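In terms of this note's numbering, the sequence shown is numbered consecutively and its last residue is 250.
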Amino acid sequence: MPIPEDVTGEEIDKDVRQELQSLPKTLADDVAKNLVMVARLIDEDPEGAYAYSKVALRLASRVAAVREAAGFAAYANQKYSEALAEFRAARRMTGTVDLWPVMADCERGLGRPEKALDMAGAPEVHKLDKAGQVEMRLVAAGARRDMGQLDAAIVTLQSPELASNAVHPWTARLRYAYADALLAAGRQGEAREWFAKAVEADRDGSTDASDRLAELDGVEFLDALDESGDAGEPESAEPSGEDGDDKD
């Protein structure tokens, strides 16, 4: 796989760089560059990220950071069985529980929401930091929805973190998930309120909460050019006055 000239390998996290010190320098540099490409492409080009992760894995399969990167690349491509195997390998190497929530989400991806719920109740969850615990709550709520338990999903998301006015990196996603569950349960008024709260917390555009809110408010966005060739402008439809029961 070609590596762009601007990639040096120095861009990786210092902890990962330290892990790679167990390798010969030239090999460590090659692995680092491939890991940089995984991180660079995983959101915009997950297939490309997956290809680079395979190179890194071939070069250094005994490095935990490489197994973790390969897991996330597989996860981004919905290769959940492969991702789970890589995450388990990384966890065995490090002994940490940081990957527990994404491992549980892989179980969901494999059609095993009951297993994900079992993991949500495991002792490992208590060892997670706050961000990890919130992530585990999101996975557990998703598993409840997979099983058709909408009310249980809503209750699962109700927590001090949801009620807090403080904004953390995970706040927007937590509020969004809660709003989405409310909407799926037909509670449109409450859903609108929480989509609006998600918008307030979504400082980096990690969700489409603003679009969901606009949809609930009846705002329609026309194409940039209409049939006559004129630039389109956003239009607001008149509210119907009826509550919807829309689901994802």
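Beta carbons: idealized from backbone N, C-alpha and C, even for Gly.
As the structure is a prediction and not an experimental result, all values here were calculated from the model.
Check your understanding: Mind checking Thr2: buried by the 16 CB within 10 Å criterion, or exposed?
Key -> Within the shown structure, residues of the chain are numbered from 3 to 250, placing residue 2 beyond reach of any answer.
| task | May I ask you to report which of helix, strand or coil DSSP gives Val221? | result | Counting from one through the sequence shown, the residue named residue 221 turns up at place 219. When DSSP states are grouped into helix, strand and coil, Val221 belongs to the strand group.
Environment of Glu88 [buried if 16+ CB atoms lie within 10 Å] | Position 86 of the sequence shown, counted from the first residue, corresponds to residue 88. Flag for Glu88 reads buried.
* Asked: Which stretch, first to last residue, makes up the alpha helix (DSSP H) that contains Gln135?
  -> Along the sequence shown, one-based indexing puts residue 135 at 133. Per DSSP, Gln135 is one residue of the alpha helix (DSSP H) stretching across Lys132 to Asp148.
Quick check on this structure: which residue in Pro6, Arg114 and Pro103 has the alpha carbon closest to the alpha carbon of Gly134?
In the sequence shown, residue 134 corresponds to position 132, counting from 1. The residue among Pro6, Arg114 and Pro103 with its C-alpha nearest the C-alpha of Gly134 is Pro103.
| Which residues in the same chain as Asp31 place their Cβ atom closer than 7 Å to its Cβ, once the five residues preceding and following it in sequence are excluded? | On the sequence shown, position 29 is the one that residue 31 refers to. Gly11, listed in sequence order.
Where the alpha helix (DSSP H) through Asp117 begins and ends: Mapped onto the sequence shown, residue 117 falls at position 115. The residue asked about is misnamed: residue 117 is Lys in this sequence, not Asp. Per DSSP, the unbroken alpha helix (DSSP H) holding Lys117 starts and ends at Pro115 to Ala122.
Nearest to Ser24 by CA position, among Ala41, Ser55 and Ala62, is which residue? For the purposes of this step, residue 24 is identified with residue 22 of the sequence shown, where counting begins at 1. Nearest of Ala41, Ser55 and Ala62 to Ser24, Cα basis: Ala62.
> Taking Cβ positions, are Phe197 and Leu218 nearer each other than 8 Å?
Replying inline: Residue numbering aside, residue 197 sits at position 195 when the sequence shown is read from its first letter. Residue numbering aside, residue 218 sits at position 216 when the sequence shown is read from its first letter. In this structure, the beta-carbon distance from Phe197 to Leu218 falls below 8 Å.
**Message:** Can you tell me whether Glu88 is helix, strand or coil according to DSSP?
**Reply:** Along the sequence shown, one-based indexing puts residue 88 at 86. Reduced to three states, the DSSP call for Glu88 is helix.
Excluding the five sequence neighbours on either side, which residues of its own chain have a C-beta within less than 6 Å of the C-beta of Val57, listed in chain order?
Position 55 of the sequence shown, counted from the start, is the residue given in the question as residue 57. Answer for Val57: Met3 and Asn36, listed in chain order.
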